[in-house]
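Before any comments, here is the structure.
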Amino acid sequence: MICLPIAEKTWSKEMEQPIFEAWKKKNLYKFNPSSKKKVFSIDTPPPYVNTPIHIGQATTYVLMDFFARYKRMQGFEVLFPLGLDRNGLPIEMAAEKRFKIKLNEVSREDFIAKCRQVLEESSTESIDSFLKLGIGFNAWEKGVEIGAMYLTDSPEYRALTQGTFIDLYEKGLIYQSDRITNYCPGCRTTLADSEVEYADLPSKFNDIIFKIKETGEQIIIGTTRPELVCTCGMVIFNPEDERYRHLDGKTAITPIFGKEVRIKAHPLAEIEKGTGIVMMCSAGDLSDIRFFREMNLQPVIAIGADGKMNKNAGFLEGLHVREARKKMIEELQEKGLLVGQKDVTHRTPICERSKDEIEFISMQEFYLKQIDYKPKMKELAKKINFFSPQSRQILLDWIDAVSIDWPISRRRYYATEIPMWYCKKCGKEILPPKGKYCQPWREPPPIKKCPKCGGTEFKGEERVFDTWFDSSISPLYILGYERNPAFFKKAFPCSLRPQGKEIVRTWLYYTVLKCYHLTGKCVFSDAWINYHIVDDKGIKMSKSKGNMIDPHDVLEQFGAEPFRLWSAIEGDLTKTDFRCSFERIQGAQKTLVKLWNIARFISSFPRPKKTAKIKLREIDKWVLQEINEIIGFTQKQYNEYDFHGPATKIKNFLWETFASHYLEMAKSRAYNDKKAFSKEEQDAAIFTLYECLEKTLLVLAPILPMVTFKIYGDLNNGKDIHFEAFPKLGKAEKIPFSGQELADLNSLIWKTKKEAGKGLRDQLSELALEKKFSGIAKDLQEMHNAQKLSFGEKTEIKI
RNA sequence: GGGUCCGUGGUCUAGCGGUUAUGACGCCACCCUUACAAGGUGGAGGCCGUGAGUCCGAAUCUCACCGGGCCCACCA
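Under numbering that gives the first Met the number 0, read the first sequence as residues 0 to 798, first letter to last.
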């Protein structure tokens with residue numbers, strides 16, 4: 000019994016576990032900041048800690064792992080850290096659900112304690128999934144050194160977030176201002192746009208009467224928000240609208256409140272909608288706010304932070320918005336000012352948690368300047384290499400759409416605190432020194448006396464940061480900004496930001512903005528923007544549709560390697576969505592088995608010694624040239640983060656060129672049972688088989704880390720393929736025939752035999768070949784078992 | 001409404017000025033040929049979304065239309 004170097008009969012998913020566990024144990028991909036190698040840094044998107052990863056994340060992290068492994072083989076010191084996002088809303092929501100509490104019904108200490116408890120109990124399922132997927136992060140343990148796993152709510156990370164605030168504040172880039180924002184009366188907090196959802200709610204469209212001051216005529220205006228009449232700042236109609244053209248520049252008098260407002264033609268009004276004439280209120284919705292700003296109108300705020308009407312609402316003061324609306328309608332009816340009412344469904348912004356209707360009220364918030372920097376941002380957007388290039392447009396469009404500075408403060412608890420105190424006497428703002436995480440709402444200020452007025456009493460800031468204010472420094476954090484200045488200087492800018500296209504306007508934009516404010520430079524060289532994994536029918540996955548695919552099921556059924564190969568083969572995720580189907584993932588598995596069998600077969604031949612004389616035949620040169628071309632193409636494409644094109648080509652090489660054609664032709668020479676070949680020729684076949692196999696393994700190593708690791712190690716005394724250099728493009732060899740021509744010739748012979756009812760190993764009486772095949776005629780004769788060989792203008796096959 | 005991407009055999013996909021239009025999955029037929037039946041060989045199946053234009057020549061370029069995905073905005 001021959002003992003093959005590759006013992007197992009086939010590759011199975013059970014073989015993965017010992018491999019990835021050994022990698023983890025050995026800390027193989029630990030980052031070395033003092034390495035002499037050039038650094039390649041990947042700013043991975045920290046997934047949310049308490050939710051298991053979904054199939055989309057599984058795919059994108061696998062793709063990032065391709066990049067990391069490839070760059071490592073290219074001789075870079077690869078920074079590929081794992082981060083976990085733990086700040087903000089999702090944790091708060093989980094705590095509220097788990098303990099059945101509400102943010103503003105318990106003390107801040109208690110609430111934070113509950114959040115921490117949720118975090119402590121939270122599963123590390125996502126980390127486990129990454130490990131099983133064969134992802135080669137620098138580290139699996141949390142820590143503060145470069146490359147260690149980091150948590151966005153760690154004191155170190157939060158201290159850096161606060162430090163950046165202090166810098167930006169001192170540079171004059173952050174200011175406080177009273178502006179209208181989303182506000183949830185139920186939760187009593189300002190909300191980011193991303194925390195707002197929409198619902199189609201029934202509402203009433205009320206036709207109410209306004210008087211024209213100059214002419215005394217009456218106009219009818221439709222509104223769903225009659226309680227906001229008191230905030231009406233202007234009445235508009237469409238410039239094309241004949242019915243109202245004569246009113247342009249005249250004055251309308253609001254019903255009940257009797258306030259005089261200007262009437263103006265404005266394209267915002269649509270002719271067909273309602274009565275075609277609109278009252279513009281401050282704070283009906285965000286477009287009103289924009290309109291007021293545009294028209295330079297002073298907004299009237301009628302709703303207070305408690306969700307009740309204030310004194311600006313006159314007789315409605317003290318009523319909740321809903322009650323006020325009812326009361327206003329009654330009042331209008333009584334005065335004969337309501338002439339119609341119809342039911343409509345109104346797409347209403349609501350709070351994603353309490354489902355309360357969002358109100359737009361004015362609040363004092365911190366803002367980071369961005370409007371003034373729009374041209375600069377566009378310039379930076381053009382500097383970053385986008386993969387694919389058309390994704391740049393998403394960022395450019397968003398920069399164009401930005402209309403106000405970035406509100407960065409939130410009235411929440413589980414987030415990074417704004418590091419500021421105020422002198423109770425003179426209001427002076429006190430900043431702490433940078434570098435230490437602080438909680439002003441529970442800690443005393445860093446000074447005893449106000450430097451301005453000498454006051455000794457202070458109030459700590461209670462607000463926290465928008466979570467994007469944390470997330471937007473991730474590349475600085477992973478590169479050791481302010482923590483390891485020497486390394487930061489060496490490694491900046493960050494090589495690559497991989498992320499989803501849906502968060503270009505948030506994560507990518509805010510990162511580029513904030514890092515520019517801090518460093519004056521563009522923080523990324525490359526940005527790789529991915530599309531999504533959808534279900535097998537092309538529909539976006541969502542819990543409500545019940546079409547979610549769990550990566551655990553994939554891992555359990557097939558293991559990581561088929562899934563990884565599928566991720567590469569399926570398509571180009573920077574250009575299109577992938578449809579996820581188990582059938583296709585299973586299909587990828589066949590290629591693994593093929594690779595395994597090829598390797599097992601080749602390993603059954605003793606490898607010629609390095610010193611052995613090798614006499615390459617033309618067929619050997621041909622296949623070596625084929626793999627050489629694969630290497631050249633692969634390297635070029637991998638450099639552009641394209642793994643799809645190469646994976647497809649490599650797979651095709653493996654099945655067709657190598658297995659079906661070369662291997663079949665070299666087989667009898669490798670066996671050399673009949674001693675038809677010299678020892679040098681036999682060795683040449685075996686040498687070439689090994690050469691092709693190893694090069695194939697090397698180019699596949701980033702995609703299939705575990706199978707290639709196992710085979711390569713078995714063939715080379717346990718050598719780790721991932722620390723080998725990526726193969727280099729060799730000199731091109733001129734071959735008189737193409738791979739396609741050879742494949743066609745073989746096909747023709749196989750077909751002829753089959754049509755004659757012969758088996759593939761059966762004899763041919765004569766084979767006439769075209770002259771270009773003369774160099775490989777002997778190999779063809781062996782392969783097809785031809786008795787006689789001749790040459791002519793055309794191929795002729797005699798049975 | 002704005003942006004963006006995409007319509008190629010039943011399904012998915014390559015091709016991006018000249019090919020008999022790739023390849024995969026599925027289907028049918030034959031074959032256990034000493035790496036591999038999770039294999040091999042062969043086969044059926046396509047007016048390349050519609051219409052017009054440019055060109056000697058279009059799946060490929062242009063325009064219009066139709067259909068779809070995603071993102072953004074808006075809905076008094």
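In this text, a Cβ means the ideal position worked out from N, Cα and C, and glycines have one as well.
- Cβ atoms of Lys520 and Ile393 stay farther apart than 8 Å, at about 22 Å.
- With fewer than 16 other CB atoms across the displayed protein chains lying within 10 angstroms of its CB, Asn638 is exposed.
- One thing to note: Lys589 has its Cβ no nearer than 9 Å to the Cβ of Met14.
- The DSSP-derived three-state label of Ser773 is helix.
- Scanning the segment 62-99 for uninterrupted beta strand (DSSP E) segments of 3 residues or longer gives 76-78, listed from N- to C-terminal end.
- In this structure, the beta-carbon distance from Arg599 to Ile18 does not fall below 9 Å.
- Within the same chain, Cβ atoms closer than 7 Å to the Cβ of Gln636 are found at Gly644, Pro645, the five residues on either side in sequence being excluded.
- Contiguous alpha helix (DSSP H) elements confined to the segment 714-758 occur at 738-754, taking only those with 4 or more residues.
- Counting every other CB atom within 10 Å of its CB across the protein chains shown gives Gly215 a total below 16, marking it as exposed.
- With at least 16 other beta carbons inside 10 angstroms of its own, Gln498 counts as buried.
- Taking the Cβ atoms as the reference, Leu697 lies roughly 15 Å from Ile597, outside the contact range of under 8 Å.
- For Lys131, the enclosing alpha helix (DSSP H) starts and ends at 124-131.
- Here Pro432 is not near Pro444, since their CB atoms are 9 Å or more apart.
- Across the set Asp761, Ser737, Gly738, Pro484, the C-alpha of Asp761 shows the shortest separation from the C-alpha of Ile748.
- By the criterion of a C-beta distance shorter than 6 Å, Lys574 is surrounded in its chain by Ser387, once the five residues flanking it on both sides are discounted.
- Put simply, of Tyr689, Met308, Glu792, Ala767 the residue whose alpha carbon is nearest the alpha carbon of His783 is Ala767.
- Sequence-distant Cβ neighbours of Glu333 in its own chain, meaning closer than 6 Å and more than five residues away, do not exist here.
- 9 Å or more divides the Cβ of Ile219 from the Cβ of Gly335.
- At the C-beta level, Asp469 and Thr695 stay beyond 9 Å of one another.
- The continuous stretches of alpha helix (DSSP H) do not include Ser106, and DSSP gives it neither H nor E.
- Between the alpha carbons of Lys210 and Lys326 lies a gap of roughly 21 Å.
- Residues Asn237, Pro238 of the same chain have their beta carbon placed closer than 8 Å to that of Pro266, with the five preceding and five following residues left out of the count.
- As computed with DSSP, Asp342 is found in a beta bridge with Lys203.
- Setting aside the 5 residues that flank it on each side, Ile398 is surrounded in the same chain by Lys373, Met376, Lys377, each with a C-beta closer than 6 Å to its C-beta; the list follows chain order.
- For Lys620, the closest alpha carbon among the candidates Asn26, Asp641, Asp778, Thr518 is that of Asp778.
- Taken in chain order, the whole beta strand (DSSP E) runs of length 3 or more contained in the segment 318-397 are 337-350, 358-367, 384-386.
- Here Lys203 is near Gln340, since their CB atoms are less than 9 Å apart.
- A Cβ-Cβ contact shorter than 9 Å links Ile417 with Phe164.
- Pairwise C-beta distances place the segment 167-176 out of contact with the segment 476-488, as fewer than three of them are shorter than 8 Å.
- Annotation for Ser471: no beta strand (DSSP E) segment contains it, and DSSP assigns it neither H nor E.
- Around the beta carbon of Asp42, 16 or more other beta carbons lie within 10 angstroms, which makes this residue buried.
- Distance from the CA of Pro492 to the CA of Val522, rounded to the nearest whole angstrom, comes to 5 Å.
- Here His245 is exposed, its C-beta having fewer than 16 other C-beta atoms within 10 Å.
- With three or more CB-CB distances shorter than 8 Å, the segment 48-56 counts as touching the segment 545-562.
- For Lys489 and Ala683, the gap between their C-alpha atoms comes out near 47 Å.
- Membership of Arg178 in the beta strand (DSSP E) is indicated by the continuous run 173-183.
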